[in-house]
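Numbering (the numbering used here), first residue to last: 278 to 530.
Beta carbons: idealized from backbone N, C-alpha and C, even for Gly.
Remember, predicted model here, so these are calculated numbers, not experimental data.
What follows is one structure encoded as structure tokens, with my remarks underneath.
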Amino acid sequence: MTKEQMTETTANAVISELERLRKSGERVATSHFSNLPDMSQATDLQGRLTLEGSTETAWKVARSPDGVPVVARLHPLIEKSAGANLPWRTDTLLEIEIAVRLGKDLPVSGAPYQRSDILDAIGTVYLGAEMVWTVLLEAGKVSFPLYLVDRLGNDGYVLGPELGREFLDASNTPALSIRSGSASIFDAPAKHATGDVLSWLLDYANLADRPETSLKAGTLITTGTLCGAIPLKEGGQFDIELAGAPAFSFSLT
278 MTKEQMTETT ANAVISELER LRKSGERVAT SHFSNLPDMS QATDLQGRLT
328 LEGSTETAWK VARSPDGVPV VARLHPLIEK SAGANLPWRT DTLLEIEIAV
378 RLGKDLPVSG APYQRSDILD AIGTVYLGAE MVWTVLLEAG KVSFPLYLVD
428 RLGNDGYVLG PELGREFLDA SNTPALSIRS GSASIFDAPA KHATGDVLSW
478 LLDYANLADR PETSLKAGTL ITTGTLCGAI PLKEGGQFDI ELAGAPAFSF
528 SLT
């Protein structure tokens, strides 16, 4: 494995192989790839993936192991949770998250945004469910840039019910219950990894070299898991209850 500057040929080979593995459902070690991108190349390569039906207006935000703000497209996105169904894959992880849709642009700015600026730009708040599955057996532990090209493992997103803005409060940790059929797979307070669901979005908004076209009004951003990444043993129906919010369900088949 090398991290030398990629030629167009090697870049296309990485993209083609990721797309092939995703389609086949095969998972491989990072060493399967003879050329690895660096962080400066990863975002460009991710943008070149073919995602049928993607509108490029739905994203997840996260941080790299080095603390760099990163984003990845959500695909497929199901915006009506009633009757929502996504394909089941072995090794799928489930994350329940708060998503926001911007009501105002957040342009690249010379002055840093504050949390209050992010709140002011948010139009609507939702509960959502992200399916995480990556072709890389080690996920991002060996090559985070390659994991970023693989869209940080996003394998689909179900947009659930609209929430009140109080769910954006950093001090709000309501009870979260997740059931798989008759079995409880999570029952604990909902808590973001940083303690604030808006922290990664704020970090990304303040990234000086993000695209000028990013964070436009109408963009949907999911903000990070409230329950860790839950390994799913099987598909079926999943029922989500967050205290103070409408319940919703979806299926993996």
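Given 8 Å, three or more beta-carbon pairs between the stretch 435 to 444 and the stretch 513 to 529
yes
Alpha carbon to alpha carbon, how far is Thr471 from Leu423? Give it in angstroms, no decimals.
24 Å
Between Ala485, Ser476, Ala482 and Leu453, which lies nearest to Phe515 when the distance is taken from Cα to Cα?
Leu453
So the beta strand (DSSP E) Tyr403 belongs to, where does it begin and stop?
Run containing Tyr403: Ile399 to Val409, per the beta strand (DSSP E) assignment.
Which residue comes first and which comes last in the beta strand (DSSP E) that contains Arg304?
Arg304 -> no beta strand (DSSP E), and no H or E assigned at all.
Spatial distance of Pro346 from Leu322 (CA atoms)
17 Å
Output the distance between the C-alpha atoms of Trp410 and Gly330, rounded to the nearest integer angstrom.
19 Å
Let's test the definition: count the other Cβ atoms within 10 Å of the Cβ of Pro488 and tell me whether it reaches 16, buried, or not, exposed.
exposed
For Ala398, which residues from the same chain have a beta carbon less than 7 Å from its beta carbon, with the 5 sequence-adjacent residues on both sides left out?
Leu379, Gly380, Lys381 and Leu383
Distance check for Gly400 and Ile373, CA to CA, integer angstroms please.
20 Å
Please go through the same chain and pick out, in chain order, the residues whose beta-carbon is closer than 7 Å to the beta-carbon of Ala416, but skip the five residues on each side of it.
In chain order, Tyr424 and Gly430 place their CB closer than 7 Å to the CB of Ala416, counting only its own chain and leaving out the 5 sequence neighbours on each side.
Spell out a yes or no on whether the stretch 499 to 507 and the stretch 362 to 373 are touching, meaning 3 or more CB-CB pairs, one atom from each, closer than 8 Å.
yes
Across which residues does DSSP place Asp464 in a beta bridge pair?
Ser454
If distances are taken between C-alpha atoms only, which option among Ala506, Thr327 and Phe527 comes closest to Gly513?
Phe527
Let me check understanding here. Comparing Cα to Cα, which of Ser311, Val338, Ser317 and Lys418 lies closest to Asn483?
Val338
Going by C-alpha distance, which of Ile455, Arg299, Thr490 and Ile292 is nearest Leu414?
Arg299
Helix or strand or just coil, what does DSSP make of Ala376?
strand
Using only CA atoms, which one of Asp486, Met316 and Leu354 lies nearest to Gly387?
Asp486
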